[in-house]
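Quick note on numbering: full-length UniProt numbering labels position 46 of the sequence shown as 46, and the sequence is numbered without any gaps.
C-beta: ideal position from N, C-alpha, C; glycine also.
Reviewing the structure listed below.
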Amino acid sequence: MSLLYFNMIAMSIACVSLLVGFSYRDTRWGGGCMMLGVLAVMCVIVYDVRVLSAGS
């Protein structure tokens, strides 16, 4: 799987997690779902930096 496809899938999952967490922000688990989405976005960014810097 190329890096583009990985990014599209991982960012889609992270954005859905952020959307669901924001929709249920009044509940107890809504905030945790948003935090999980933010961590997922940051992990994708770190992974991309590591992959792209190792390739050059």
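In the three-state scheme derived from DSSP, where H, G and I count as helix and E and B as strand, Tyr-5 is classed as helix.
Listed in chain order, the non-local C-beta contacts of Phe-22 below 8 Å within the same chain comprise Gly-30 and Met-34, local neighbours out to five positions each way being set aside. The beta-carbon distance between Val-51 and Ala-10, rounded to whole angstroms, is 12 Å. This is too long to meet the 8 Å contact definition. In the displayed model, Arg-25 falls within coil according to three-state DSSP, outside both helix and strand. Linking Val-38 to Ser-2 through their CA atoms gives a straight-line distance of about 23 Å.
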